[in-house]
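**Student:** I have a structure here, written as structure tokens, and I will follow up with some questions on it.
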Amino acid sequence: MYLDELNPEQRKATNQIDGPMMVIAGAGSGKTKVLTYRIANLIDNGVNSINILSLTFTNKAAEEMKSRISELIGEANSRNIWMGTFHSVFARILRIEHDKIGYPQSFTIYDTIDTKSLIKTIVKEKNLDDKMYKPNFVYSRISSAKNSMISAQAYLRNEDIMSQDKQYGRARIGEIYLEYQNRCFKAGAMDFDDLLFKTNILLKKFPEVLLKYQDKFRYILVDEYQDTNKAQYLIIKALSARFENICVVGDDAQSIYSFRGANIENILNFKKDYTDYKLYKLEQNYRSSSNIVNAANNIIGHNKDQIQKKVWTSNADGNLIKLIKTFSDNEEGKVIAKNILNTKIKENAKNSDFAILYRTNAQSRSFEEALRKLNLDYKIYGGLSFYQRKEIKDLISYFRLAVNNKDEEALKRIINYPKRGIGANSIGKAMLCANENDTSLWDVLSNQNKFGLKINSGTSKKINDFIVLIKNFSKKVENTDAFELADEISKLSGINNELLIDNSVEGKVRYENIQELLNGIKEFSENSKENTDQEEAENDTFATLSDFLIDVALLTNADNEKEEDKDKITLMTIHSAKGLEFPYVYIVGVEENLFPSQLSLGSRSELEEERRLFYVALTRAEKQATISYTISRFRWGNIIACEPSRFIEEIGSDLLEPIENTYTSNRNKNKANSSYKSYTQPSSFNKLKFKKVSSSTTSNLSNATDVSKIKVGINVKHQRFGKGKVLEISGQSPNVKAKILFPSFGEKQLLLKFAKLELL
């Protein structure tokens, strides 16, 4: 019996059938196994698989769970489980109920590139300063509002939000938000946040729809509950309200996504939402050595806001946490790369056994350079996805327009690619006409005479030819296999020939990428119908291009790994590393004001999230965790002095093994000695026997700000952020900090001894 594979606490959680329950799962404690076995056990106990909803944060996790459930109880029993990411499951519901919210069933899902492109267009049309209204910033504000269930209309009515935007010098973001939503609706498009936002509206506005899905989803399981935002929380709360057979699994100690709206209170307050809930704690770690587990416990023990647990392991003690100190960030890259090479040789390890984790993407440069020089293969996790390459986006835009003629971003992208003599000026006139008539760009181009579009006859004919081409594709969408139609579009659109005649190396690669895309669609066509819900299988004798586009639009970073990337050293931010594990993990740049981030030092809650982030980084390691920090770093065009992070001290000296930095030659040491003044470690570090090296602040710091002259209310200028106003002074010498409002960047908290502010 598969339940015999579980430890006592895992088995208790798996055996509960009815009622609300929360499983607090420490790092490496087998939470995925509990979720998987619990679903299998529900079905074995008579629950119909069609009544089970299981929500994850990656498609990969969902597929792995579904495959494992099929192995346990058979595919026939598991195939009708609704299992997937929040976005994929709710996109599915929205396509079924599309008419109730006024969208076409084949609505487009805009990715972040589409979203930012549309925002950029709106900013330009409104003649706003594109430096103040940068697409990234505006998108972030809109996304945050949607995840908090604030509509564009509510945004404009909210005095606090509008006042904040005005303070930042961006008083018209609400106006952009409203226009953005209108344009998406006209284009029959939703962005990722809309998939949650619109689902909430659907369930709230149509009680009969809510009742339908409450009845359908009688048993709900949610993975990584600590990462849910307000929109996700409200959907789960609504769907589970009738039967309250809800199981949430997560770890408050790994709540690290507040920047994208995740609310740790969702898991901390679960007991208030379901007063008769049962709590299970999975505290045995199967992943890491005992020393790594103990170090992680020491770290997270410094947080106040947490559900108490004591993670333990029966694994061997293993190595101590290695600690490396270097002179500079460039040297840090070289030392880590050399250490990886030595470990590979000594332990007969593969590249894929290693991960370098950093706080910010900008830190990757020195490690990339060092790994290349040692011929060590690596991959940047979360880099440019295959589906974001230009040639792939171009062809997929043809697919999107064929499926949804009103998809404005796809239309603008391909109407003159390959070149067919339709200029930007003509499209600009058509867009202006569409806005004036409150209709879509497609409608104007398809009915030029009706809307009085004034362009020359030659261009008009070319536009008509393009419209006819797309309409011919559209006629075949629902009755043609996805691969057959995709192959036809790649040829008749002209993209195939365009790339085929490009004999450059880049051109050949692009052509090969197009062929790889078509191969992927063929594979999708052959395999896609295995997991179709009975209710949706009426006409599904083959997979359509619409089905493929849904699948592609909802891919997450974790779903994009290609076979050729399997045996490479992984470089990634710690946020991206959550849920992964590696035998050897390097946590780099562990310095004050970098990790923890300088921006987190203003409040306990923000600092505690940084500590949870460090906890996540440490618990990715199975055999060996190595921490590195440097005593000087090149940032914002200057060399700044650095000091080791408080998190290192919190591990405890008994679990740390300082490693001598043997990379630097005597010649380089002498050179370093002439450039660096003496540097004193915090007292707790004196117990650690590092190899003695001279270090720290460069002569550049002699021009540091005279802290005594910085007062609240004065205007200052920063080399990177420009002009700003001092709002608040805090801290004691020599670590005085100032909160400063920079119109172009918002509020920043700076350590004055390094800020180099110019008084105005």
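Using my numbering, read the sequence shown as starting at 163 and increasing by one per residue. The beta-carbon is built from N, C-alpha and C at its ideal position, and this holds for glycine as well.
(1) Are the beta-carbon atoms of Asn456 and Leu775 separated by less than 8 Å?
(2) Touching or not, the stretch 596-615 and the stretch 292-299, by the rule of three or more beta carbon pairs under 8 Å?
(3) Closer than 6 Å by C-beta to Val869: which residues in its own chain qualify, once you throw out the five before and the five after it? Chain order, please.
(4) Can you name the start and end residues of the alpha helix (DSSP H) that Lys923 belongs to?
(5) Are Cys409 and Val185 touching if we call contact CB-CB under 8 Å?
(6) Give me the Cα-Cα distance between Ala415 and Ile813, rounded to the nearest whole angstrom.
(7) Less than 6 Å between C-beta atoms, sequence neighbours within five positions excluded: which residues of the same chain meet that for Leu234?
(8) Does the distance from the C-beta atom of Gly181 to that of Lys541 stay below 8 Å?
(9) Contact check, Arg334 vs Leu290 under 8 Å by CB: the rounded distance?
(10) For Ile275 versus Lys487, is the C-beta spacing smaller than 8 Å?
(11) Counting C-beta neighbours from all protein chains within 10 Å, is the total for Glu509 16 or more, i.e. buried, or is it exposed?
(12) Along the chain, which unbroken stretches of the alpha helix (DSSP H) at least 4 residues long are found entirely within the stretch 736-791?
(13) How big is the Cα-Cα spacing for Leu707 and Asn501?
(14) For the putative contact between Gln911 and Gly764, defined by C-beta atoms under 8 Å, what is the C-beta separation to the nearest angstrom?
(15) What does the Cβ neighbour count give for Pro806, buried or exposed, with the cut at 16 atoms within 10 Å?
(16) Would Asn658 be called buried (16 or more neighbouring beta carbons within 10 Å of its own) or exposed?
(17) Which stretch, first to last residue, makes up the alpha helix (DSSP H) that contains His260?
(18) Taking DSSP as the reference, what is the three-state secondary structure of Glu432?
(19) For Asp353, tell me which candidate among Lys278, Glu768, Phe516, Ala644 has the shortest Cα-Cα distance.
(20) Have a look at Val285 and Lys581 and give me their C-alpha separation to the nearest angstrom.
(21) Should Val778 and Ile418 be called a contact, given that it needs their Cβ atoms to be closer than 8 Å?
(22) Can you tell which of Lys785, Thr437, Ser636, Trp244 has the C-alpha that lies nearest to the C-alpha of Asn567?
(23) Let me know the beta strand (DSSP E) ranges lying completely inside the stretch 333-403, each 3 residues or longer, listed in chain order.
(24) Run through the stretch 468-522 for me and flag every whole beta strand (DSSP E) of 3 or more residues, listed as ranges in chain order.
(25) Per DSSP, Tyr540 forms a beta bridge with which residues?
(26) In or out: Asn477 buried (at least 16 other Cβ within 10 Å) or exposed?
(27) What ranges does the alpha helix (DSSP H) occupy inside the stretch 229-277, keeping only unbroken runs of at least 4 residues that lie completely in it?
(28) What is the DSSP secondary structure of Val888, reduced to helix, strand or coil?
(29) Let's test the definition: count the other Cβ atoms within 10 Å of the Cβ of Arg380 and tell me whether it reaches 16, buried, or not, exposed.
(30) Should Asp413 go down as buried or exposed, given a rule of 16 or more other Cβ atoms within 10 Å for buried?
(31) At which residues does the alpha helix (DSSP H) containing Thr218 begin and terminate?
(32) Tell me where the alpha helix (DSSP H) around Gln326 begins and ends.
(33) With a CB to CB cut of under 6 Å and the five nearest residues on each side skipped, what residues in its chain are close to Asn578?
(34) Around the Cβ of Glu598, are there at least 16 other Cβ atoms within 10 angstroms (buried) or fewer (exposed)?
(35) In three-state terms, what does DSSP make of Val898?
(36) Could you tell me which of Ser767, Lys728, Ala787 sits nearest to Val752, measuring between CA atoms?
**Tutor:** Here's the rundown:
(1) Translated into positions along the sequence shown, residue 456 becomes position 294. Translated into positions along the sequence shown, residue 775 becomes position 613. Contact flag unset, no.
(2) Pairwise C-beta distances place the stretch 596-615 out of contact with the stretch 292-299, as fewer than three of them are shorter than 8 Å.
(3) Sequence index remark: in the sequence shown, residue 869 carries index 707 (1-based). The answer, listed in chain order, is Val898, Leu914.
(4) Outside the displayed range of the chain (163 to 922) lies residue 923, so it cannot be described from this structure.
(5) Counted from its first residue, the sequence shown places residue 409 at position 247. Counted from its first residue, the sequence shown places residue 185 at position 23. Cβ atoms of Cys409 and Val185: closer than 8 Å.
(6) Here residue 415 corresponds to residue number 253 of the sequence shown, with the count starting at 1. Here residue 813 corresponds to residue number 651 of the sequence shown, with the count starting at 1. Those two C-alpha atoms are separated by around 16 Å.
(7) As a position in the sequence shown, residue 234 is number 72, starting the count at 1. Within the same chain, Leu234 has close Cβ partners Tyr164, Ala202.
(8) Position 19 of the sequence shown, counted from the first residue, corresponds to residue 181. Position 379 of the sequence shown, counted from the first residue, corresponds to residue 541. Contact: no.
(9) Mapped onto the sequence shown, residue 334 falls at position 172. Mapped onto the sequence shown, residue 290 falls at position 128. Between Leu290 and Arg334 the Cβ distance is about 6 Å, and since that is below 8 Å, they are a contact.
(10) Along the sequence shown, read from residue 1 onward, the residue named residue 275 stands at position 113. Along the sequence shown, read from residue 1 onward, the residue named residue 487 stands at position 325. Going by beta carbons, Ile275 and Lys487 fall outside the 8 Å limit.
(11) Position 347 of the sequence shown, counted from the first residue, corresponds to residue 509. Exposed, by the Cβ-count rule.
(12) 736-739, 766-780
(13) The sequence position of residue 707 within the sequence shown is 545, counting from 1. The sequence position of residue 501 within the sequence shown is 339, counting from 1. Roughly 48 Å separates the two Cα atoms.
(14) Against the sequence shown, residue 911 aligns to sequence position 749. Against the sequence shown, residue 764 aligns to sequence position 602. With a beta-carbon spacing of about 5 Å, Gln911 and Gly764 fall inside the 8 Å limit used to define contacts.
(15) Position 644 of the sequence shown holds residue 806. Taking all protein chains shown into account, Pro806 has 16 or more neighbouring C-beta atoms within 10 Å of its C-beta and is therefore buried.
(16) On the sequence shown, position 496 is the one that residue 658 refers to. It counts as buried.
(17) Against the sequence shown, residue 260 aligns to sequence position 98. Here His260 belongs to no alpha helix (DSSP H), and DSSP marks it neither H nor E.
(18) If you number the sequence shown from 1, residue 432 lands on position 270. In the sequence under discussion, the amino acid at residue 432 is Phe, which differs from the Glu named in the question. Note: Phe432 maps to helix in three-state DSSP.
(19) The residue you call residue 353 lines up with position 191 of the sequence shown. Distances from the alpha-carbon of Asp353 to those of Lys278, Glu768, Phe516, Ala644 put Lys278 closest.
(20) On the sequence shown, residue 285 is found 123 positions in, with the first residue counted as 1. On the sequence shown, residue 581 is found 419 positions in, with the first residue counted as 1. In a straight line, the C-alpha of Val285 is about 27 Å away from that of Lys581.
(21) Position 616 of the sequence shown, counted from the first residue, corresponds to residue 778. Position 256 of the sequence shown, counted from the first residue, corresponds to residue 418. Yes, these two residues count as a Cβ contact at 8 Å.
(22) On the sequence shown, residue 567 is found 405 positions in, with the first residue counted as 1. Among Lys785, Thr437, Ser636, Trp244, the Cα nearest to that of Asn567 is on Ser636.
(23) 351-353, 381-384
(24) If we require 3 residues or more, the beta strand (DSSP E) runs fully inside the stretch 468-522 come out as 483-488, 516-520.
(25) The residue you call residue 540 lines up with position 378 of the sequence shown. Answer is Ile731.
(26) The residue you call residue 477 lines up with position 315 of the sequence shown. Of the other Cβ atoms in all chains shown, 16 or more fall within 10 Å of the Cβ of Asn477; this residue is therefore buried.
(27) Runs of the alpha helix (DSSP H) inside the stretch 229-277: 237-240, 248-258.
(28) What you label residue 888 is simply residue 726 of the sequence shown in a count that begins at 1. Here Val888 sits in strand by DSSP.
(29) Counted from its first residue, the sequence shown places residue 380 at position 218. Its Cβ being crowded by 16 or more others within 10 Å, Arg380 is buried.
(30) Along the sequence shown, read from residue 1 onward, the residue named residue 413 stands at position 251. Classification for Asp413: buried.
(31) For the purposes of this step, residue 218 is taken as residue 56 along the sequence shown, with counting starting at 1. Counting along the chain, Thr218 falls outside any alpha helix (DSSP H), though it belongs to the beta strand (DSSP E) covering 214-218.
(32) Within the sequence shown, the letter at position 164 stands for residue 326. It spans 321-329 - the alpha helix (DSSP H) in which Gln326 sits, taken as one unbroken run.
(33) As a working mapping, residue 578 is identified with position 416 in the sequence shown. So the qualifying residues of the chain are Ile584.
(34) Here residue 598 refers to the residue found at position 436 when the sequence shown is read from its first residue. Per the 10 Å Cβ criterion, exposed.
(35) For the purposes of this step, residue 898 is taken as the residue at position 736 of the sequence shown. Reduced to three states, the DSSP call for Val898 is coil.
(36) Within the sequence shown, the letter at position 590 stands for residue 752. Just measuring C-alpha positions, the residue of Ser767, Lys728, Ala787 sitting nearest Val752 is Ala787.
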